[in-house]
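Step one of this worksheet: look at the structure below.
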Amino acid sequence: MSTAESPVGEAAPARKGLVRRFRTLPLRSRLAILVATAVAVAVAAVAVACWFVTRDQLEDQLDDSLRSAKMDHSAMRDLLAACLSGGQLPAEEFPGQYTVQVVAANGSYCTAPNTTPVPARPADVAVAAGRQTDALHTTENDEGKDMRVYTRKLPVVSSGQANTQLAVSVARPLSEIDAPLSTLAWVLALVGGVGAVGAGAAGLWVARAGLRPVDELTQAVEHVARTEDLTVRIPVDGEDEIARLSNSFNSMAAQLASSRDRQAQLIADAGHELRTPLTSLRTNVELLARSDETGRVIPPDDRKALMASVKAQMTELAALIGDLQELARPDAAQPGPLQVVALHDITRTALQRARLRGPELTITDELAPWYVRAEPAALERAIVNVLDNAVKFSPPRATIDVRLHRGELTVRDRGPGIPAEELPHVFERFWRSPSARQLPGSGLGLSIVARTVQQAGGEITLRPAPDDGPGTVAAIRLPGAPTPPPGM
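Numbering (our numbering), first residue to last: 854 to 1341.
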């Protein structure tokens, strides 16, 4: 027979199909089936153990009754005399529940009247012959019934044949314990079946009750997928795994809603910021185009001012688009490979650009060596943004102090300062102080600075100037070392 045609080969696909169908069932149905199966196996194991323990106890009791069976001494003497002489005694002289017979060493035996003889076994003959003290075994009588037999040596009785070796066997039918065991088996089977059915029903109820939060979560997820409504929240009760799952979903939905709101706000703010330079640029271009169409020449000074305005607006648009591209990166993404760079050198380069933008200002610097791991271009841009803010808000002929000491870069200006209630908002995208709305800028500079510093493992803070003086202090702290690493 080939493997494909063998029962084993046919059973394997059947088992796989059964497992596949089981996996397609709903989770609560699978839980109910598993619970019912587990309970059924447990009940079956307990029932089998109970049946065997009961059987052993009944057999022990039966054996004890055979060992302790006592008969009238005179009846035994008469039984011996009758057996030796070939006669019989009245049945009422022997206990009715026992089968009593005498076994001789030669294998012959005689039985009490009105009882079915039990053939003597070798163990019985061995007891009669004195080779062993007693024997306990199960055998069949002449009617085919199973009998439990106990044989013990019989004391010699004066009967004129003192040399005769005899033993007495006492037997009881095993049906006395088979019937209760059969009844017990049916009772255990019935109880086990009811228990399995009840366990299945209980398992289904428990599965429904336990999976109710999962159903609510599923409905919430389906609702969000269908309607994109991120305001859905699942009630949380307790601190178990289901409650943790519900909390996680609620937190995820809240974060997604916040992210979507921030995205919508970013688009709205970007549109608003782009609208102003685009409107001004379109106006200037229309003036230039109308001049060419009508032949009305714009005075050279006005034309030069218009071209300068167009150039400035294009520069502002390019900077705004660059800022938006920078902020469009994922927060977890790095703008470029990190390198070990000299923060003091990058700050000096940024200071050169700042001095060109504010030639009337005095910018002092005191830069101690400090090396950090960062992306050089992004870090330089962040420092330039901080210096540009200081230049922008400083009055004419003011002083800006730049210090780098033990990894902390501070930029202190002498401008109007930032009110305490506005400090928590300075790093928000597109946020601009009411006093700075007339100044050029998009409100993205400090957001980019904060992002770059955080990606380098540092932090940035703004605080009022010390000693209640004018201006604001921007402090950037980056981890690093005052000396360059080996090989730099």
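Glycine included, every Cβ here is placed at the ideal spot set by N, Cα and C.
Given a threshold of 16 other Cβ atoms within 10 Å of its Cβ, counted over all protein chains shown, does T1325 qualify as buried or as exposed?
-> In the sequence shown, counting from the first residue as 1, residue 1325 sits at position 472. It is buried - the Cβ of T1325 has at least 16 other Cβ atoms within 10 Å.
CA-CA distance, K1006 and F905?
-> Here the question's residue 1006 lines up with position 153 in the sequence shown. Here the question's residue 905 lines up with position 52 in the sequence shown. Going by the C-alpha atoms only, they are around 32 Å apart.
Give the secondary structure of P1323 by DSSP, where H, G and I count as helix, E and B as strand, and everything else as coil.
-> One-based indexing of the sequence shown puts residue 1323 at position 470. In the structure shown, P1323 sits in coil (DSSP, three-state: anything other than H, G, I, E or B).
Proximal residues to A973 (C-beta, below 7 Å), its chain only, five neighbours per side dropped | By 1-based counting over the sequence shown, the position of residue 973 is 120. Answer for A973: V956, G960, Y962, listed in chain order.
Start-to-end residues for the alpha helix (DSSP H) that takes in D1254 = Numbered from 1 along the sequence shown, position 401 holds the residue referred to as residue 1254. Going by DSSP, D1254 is part of no alpha helix (DSSP H) but of the beta strand (DSSP E) stretching over 1252–1258.
Please work out which residues of its chain come closer than 6 Å, Cβ to Cβ, to L1064, disregarding the five sequence neighbours upstream and downstream, and give them in chain order.
-> On the sequence shown, position 211 is the one that residue 1064 refers to. Excluding residues up to 5 positions away in sequence, R881 lie with their Cβ nearer than 6 Å to the Cβ of L1064 in the same chain.
How many Å lie between L884 and A1054 at the Cα?
-> Position 31 of the sequence shown holds residue 884. Position 201 of the sequence shown holds residue 1054. In a straight line, the C-alpha of L884 is about 11 Å away from that of A1054.
Entirely enclosed beta strand (DSSP E) segments - the stretch 953–1020, minimum 3 residues | Along the stretch 953–1020, the beta strand (DSSP E) occurs as fully enclosed runs of 3 or more residues at 962–964, 987–993, 999–1006, listed in sequence order.
Nearest to A1024 by alpha carbon, out of T968, T986, R1149?
-> Mapped onto the sequence shown, residue 1024 falls at position 171. The shortest C-alpha separation from A1024 is found at T968.
To the nearest angstrom, how far is it from the Cα of A1015 to the Cα of E912?
-> Stepping through the sequence shown from its first residue, residue 1015 is reached at position 162. Stepping through the sequence shown from its first residue, residue 912 is reached at position 59. In this predicted model, A1015 has a pLDDT of only 46, less than 50, meaning its place in the structure is not dependable enough to derive any value.
Residues of its chain near L1220, where Cβ-Cβ distance is below 7 Å and the 5 sequence neighbours each way are ignored = Position 367 of the sequence shown, counted from the first residue, corresponds to residue 1220. Cβ neighbours of L1220 beyond the five flanking positions: H1197, T1200, R1201, L1257.
Within 10 angstroms of the Cβ of N1100, are there 16 or more other Cβ atoms? Answer buried if so, exposed if not.
-> For the purposes of this step, residue 1100 is taken as residue 247 along the sequence shown, with counting starting at 1. N1100 is exposed by the Cβ-count criterion.
Are three or more beta carbon pairs between the stretch 1038–1047 and the stretch 1059–1078 nearer than 8 Å?
-> Touching, no, given that fewer than three Cβ pairs across the two stretches are closer than 8 Å.
Rounded to a whole number of angstroms, what is the C-alpha to C-alpha distance between V1151 and L1159?
-> By one-based count along the sequence shown, residue 1151 stands at place 298. By one-based count along the sequence shown, residue 1159 stands at place 306. Rather than Val, the amino acid found at residue 1151 in this sequence is Ile. Computed Cα separation, rounded: 10 Å.
Leaving out the 5 sequence neighbours to the left and right, which residues in its chain are closer than 7 Å to A857 when beta-carbon positions are compared?
-> Along the sequence shown, read from residue 1 onward, the residue named residue 857 stands at position 4. Residue placement at A857 cannot be trusted, given a pLDDT of 48 that sits under 50; what the coordinates show is reported in the next sentence. Apart from the 5 residues on each side of it in sequence, A857 has no Cβ closer than 7 Å to any other Cβ in its chain.
Thinking just about the alpha-carbon of each residue, which of L1232, V1193, D1218, S1247 is nearest to the one in R1210?
-> If you number the sequence shown from 1, residue 1210 lands on position 357. By alpha-carbon distance to R1210, the top candidate from L1232, V1193, D1218, S1247 is S1247.
Among L1170, A1142, V978, which one has its Cα closest to the Cα of P1130?
-> Taking the sequence shown and counting its residues from 1, the one referred to as residue 1130 is at position 277. Of the candidates L1170, A1142, V978, the one whose C-alpha sits nearest the C-alpha of P1130 is L1170.
Report yes if the C-beta distance between V971 and T992 is below 9 Å; otherwise report no.
-> Counted from its first residue, the sequence shown places residue 971 at position 118. Counted from its first residue, the sequence shown places residue 992 at position 139. Going by C-beta atoms, V971 is nearer than 9 Å to T992.
Option nearest S1035 by Cα separation, candidates G1333, A1195, T907 | Position 182 of the sequence shown, counting from 1, holds the residue named residue 1035. If we check each option's Cα against that of S1035, T907 comes out closest.
Among all the DSSP beta bridges, which residues are the ones paired with E1312?
-> Residue numbering aside, residue 1312 sits at position 459 when the sequence shown is read from its first letter. Secondary-structure assignment with DSSP links E1312 through a beta bridge to R1330.
Looking at the unbroken beta strand (DSSP E) that takes in T1263, where does it start and where does it end?
-> Within the sequence shown, the letter at position 410 stands for residue 1263. Counting along the chain, T1263 sits inside the beta strand (DSSP E) bounded by residues 1261–1265.
Got a sec? Which residues, its chain only, sit under 6 Å from A1106 by beta carbon, not counting five neighbours each side?
-> As a position in the sequence shown, residue 1106 is number 253, starting the count at 1. Here A1106 has L1083 as same chain residues with Cβ atoms under 6 Å from its own Cβ, once five neighbours each way along the sequence are excluded.
Can you check the stretch 1210–1241 for any beta strand (DSSP E) of at least 3 residues that lies completely inside it and give the ranges in chain order?
-> Taken in chain order, the complete beta strand (DSSP E) segments of 3 residues or longer contained in the stretch 1210–1241 are 1215–1220, 1224–1227.
Buried or exposed by the 16-neighbour rule on C-beta atoms within 10 Å, applied to S1022 = As a working note, residue 1022 is residue 169 in the sequence shown. Its Cβ being crowded by 16 or more others within 10 Å, S1022 is buried.
Candidates P1229, P1222, L1041, Q914, of which the one nearest A1192 by Cα | Residue mapping note: residue 1192 aligns to position 339 of the sequence shown, counting from 1. Looking at the sequence provided, one finds Gln at residue 1192 rather than Ala. By alpha-carbon distance to Q1192, the top candidate from P1229, P1222, L1041, Q914 is P1229.
Thinking C-alpha only, which one of E1275, R1208, A1231, E1261 is nearest L1245?
-> Here residue 1245 refers to the residue found at position 392 of the sequence shown. Sequence inspection shows Lys at residue 1245; the Leu mentioned does not correspond to that position. For K1245, the closest of E1275, R1208, A1231, E1261 by C-alpha to C-alpha distance is R1208.
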